[in-house]
Amino acid sequence: KNEVEQSPQNLTAQEGEFITINCSYSVGISALHWLQQHPGGGIVSLFMLSSGKKKHGRLIATINIQEKHSSLHITASHPRDSAVYICAVARGSRLTFGEGTQLTVNP
Amino acid sequence: EPEVTQTPSHQVTQMGQEVILRCVPISNHLYFYWYRQILGQKVEFLVSFYNNEISEKSEIFDDQFSVERPDGSNFTLKIRSTKLEDSAMYFCASSGVKGPGYGYTFGSGTRLTVV
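Residue numbers (the numbering used here), protein chains in the order written: chain G, 219 to 325; chain Y, 4 to 118.
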């Protein structure tokens, strides 16, 4: 069993829709990261969470430590949000990555 | 905004050859990492480096791999004798004035193709 599970694997939305991507993990962590990977391969860090909720623009990330679960929400989605969104958990000095969620937002 | 710089962006090498992948981390960061992503698979941790020594490594990081911080700015990953299965995107990252999880920044990657 993977230590980090994401759902869904693929998500297609219409522009303007509210999007939720989920991440569950099975190990003790010091923090959880949400990252974005574009088709060229580059990885951009979106959030680091150890508790509660963070917001940046149209992106909101939440974490429930007791339930070992995190969600990434995108409000008013736009075609430029199309990318792979990856959840990664921090243990010691390493990140363990989920498989990623491929998001496609159609105009 | 500060960046992690990786060179080259793409390298093709013959099986059995040595390759060195180079990275310039963010200047005031203290923790340095290499990750790899085989095409179509998830990103995997290779090694972390702090205070001029390896702090953690994965089972992938065997004797074929080594890391070095030869001066105050560069951080390199060497693969001694490349195999076909080493073909992947290699990402360098750095973090942390406050600790290993803080300010994680990835480079844009080096795509290594072993033929």
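Beta carbons: idealized from backbone N, C-alpha and C, even for Gly.
Beta-bridge pairing of residue i - partner residues as DSSP gives them
i        : result
G:ILE278 : G:LYS273, G:HIS291
Y:THR113 : Y:TYR93
G:ASN240 : G:SER225, G:SER289
G:GLN202 : With chain G covering 219 to 325 only, the question about residue 202 of chain G has no answer from this structure.
G:VAL245 : Answer is none; G:VAL245 lacks a bridge partner.
Y:PHE68  : Y:ILE82
Y:TYR105 : Partner(s): none; Y:TYR105 has no beta bridge.
Y:GLU47  : Y:ARG39
Selection from the options that minimises the alpha carbon distance to residue i
i        : options                                : result
Y:THR108 : G:GLN232, G:ALA279, G:HIS251           : G:HIS251
Y:THR85  : Y:GLY112, Y:LEU24, Y:VAL7, Y:GLN9      : Y:LEU24
Y:ILE29  : Y:LEU87, Y:TYR105, Y:LEU115, Y:GLU88   : Y:TYR105
Y:GLY99  : Y:GLY19, Y:PHE52, Y:MET18              : Y:PHE52
Y:TYR93  : Y:GLN20, Y:GLU6, Y:LYS45, Y:GLU4       : Y:LYS45
G:GLU285 : G:SER269, G:THR293, G:GLN254, G:ARG298 : G:SER269
G:LEU321 : G:HIS296, G:GLY310, G:ASN220           : G:HIS296
Y:ASP89  : Y:PRO73, Y:VAL50, Y:VAL118, Y:PRO11    : Y:VAL118
Y:GLY110 : G:GLN227, G:GLN255, G:LEU229           : G:GLN255
G:GLU317 : G:HIS274, G:ARG276, G:TYR303           : G:TYR303
Y:TRP37  : Y:VAL70, Y:ARG114, Y:GLY75             : Y:VAL70
Y:ILE63  : Y:THR8, Y:PRO11, Y:SER76, Y:ILE41      : Y:ILE41
Y:LYS81  : Y:GLN67, Y:THR113, Y:PRO73, Y:GLN9     : Y:GLN67
G:ILE283 : G:ARG276, G:GLY259, G:VAL245           : G:VAL245
Close beta carbons around residue i, own chain, < 6 angstroms, minus the five adjacent residues each side
i        : result
G:VAL307 : VAL222, TYR243, ILE247, LEU250, THR314
Y:PHE35  : PRO28, PHE52, PHE78, SER97
G:SER288 : CYS241, LEU250, ILE281
Y:GLU21  : ARG83
G:ALA279 : TRP252, PHE265, LEU267, LYS272, LEU290
Close beta carbons around residue i, own chain, < 8 angstroms, minus the five adjacent residues each side
i        : result
Y:ASN54  : LEU33
Y:THR116 : HIS13, GLN14, VAL15, THR16, SER90
G:HIS274 : LEU264, PHE265
Counted within 10 angstroms of its Cβ, other Cβ atoms place residue i as buried (16 or more) or exposed
i        : result
Y:ARG39  : buried
G:ARG312 : buried
G:PHE236 : exposed
Y:GLU47  : buried
Y:ILE57  : exposed
G:MET266 : buried
Y:LEU49  : buried
G:VAL292 : Residue identity check: residue 292 of chain G is Ile in the sequence provided, not Val. Its Cβ being crowded by 16 or more others within 10 Å, G:ILE292 is buried.
G:THR319 : buried
Any chain Y beta carbon closer than 8 angstroms to residue i
i        : result
G:THR319 : no
G:PHE265 : no
G:SER311 : yes
G:THR314 : yes
G:GLY260 : yes
G:HIS251 : yes
Residue-level contact to chain G via CB, residue i, 8 angstroms cutoff
i        : result
Y:THR116 : no
Y:TYR53  : yes
Y:THR108 : yes
Y:LYS81  : no
Min CB distance residue i to chain A below 8 angstroms
i        : result
G:SER225 : No chain A is present in this structure, whose protein chains are G and Y.
Residues near residue i in its chain [Cβ-Cβ closer than 7 angstroms; skip 5 each side]
i        : result
G:VAL323 : ALA231, GLU233, SER295, HIS296, PRO297, ASP299, SER300
G:ILE261 : LEU253, GLN255
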